[in-house]
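Peer 1: Numbering (our numbering), first residue to last: 78 to 256.
For glycine and all other residues, C-beta sits at the position ideal for the given N, C-alpha and C.
(1) Between the Cα of residue 220 and the Cα atoms of 182, 110, 194 and 247, which residue gives the shortest distance?
(2) Pick from 179, 159, 91 and 232: whose alpha carbon is nearest that of residue 127?
(3) Count the other CB atoms, across all protein chains shown, that sit within 10 Å of the CB of residue 195; report buried if there are 16 or more and exposed otherwise.
(4) How many whole angstroms separate the CB atoms of residue 201 and residue 209, which I take to be in contact at a CB cut-off of 8 angstroms?
(5) Mind checking whether residue 189 and residue 228 have CB atoms under 7 angstroms apart?
(6) Within its chain, find whatever has a CB closer than 8 angstroms to the CB of residue 168; leave out the 5 residues flanking it on each side and keep chain order.
(7) For residue 206, collect the residues of the same chain with a Cβ closer than 7 angstroms to its Cβ; drop the 5 residues on either side in sequence, then sort them by chain order.
(8) Given a cut-off of 7 angstroms on the beta-carbon distance, is the pair residue 149 and residue 246 in contact?
In structure tokens form, the structure reads like this:
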């Protein structure tokens, strides 16, 4: 399957293979990241600190995002690569915030309306990300509210700006491939 072949000229089987490859790596990465999140020792949170982890998460998401947009720009099939990019960036973002919330809860149970486990932190992250907000877990201190507010802003940036950036990269990649 030549990289210069137009997507519209690919057979259904070739398209399925491309899509499978685009999703396989990020799905496996997300599964490994999630397994690491649940298995990694995070007992000594006072040594590292939630703010340090939050900064590392934001820097990590930024690095993964830049790397993925660059891959979209250079891809033979930019739309397929954008699917892979989204499937790679979102889990890093969500697991990152889950880690921060878990560490904040471990540092002080007062940060949330109840102590949150790793699953509780992931659940809380997903409810904030999806804007569902069931209300069973809520930030109860100003630092925790600040981090939740930062995640909400990050959600908007990830969805709005990230989406626009990926679409622009797709168009640019397609224009490059058309030449």
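Peer 2: Per the coordinate set shown:
(1) 182
(2) 179
(3) buried
(4) Wrong, their Cβ atoms sit about 11 angstroms apart, outside the cutoff.
(5) no
(6) 103, 106, 107, 110 and 111
(7) 171 and 232
(8) yes
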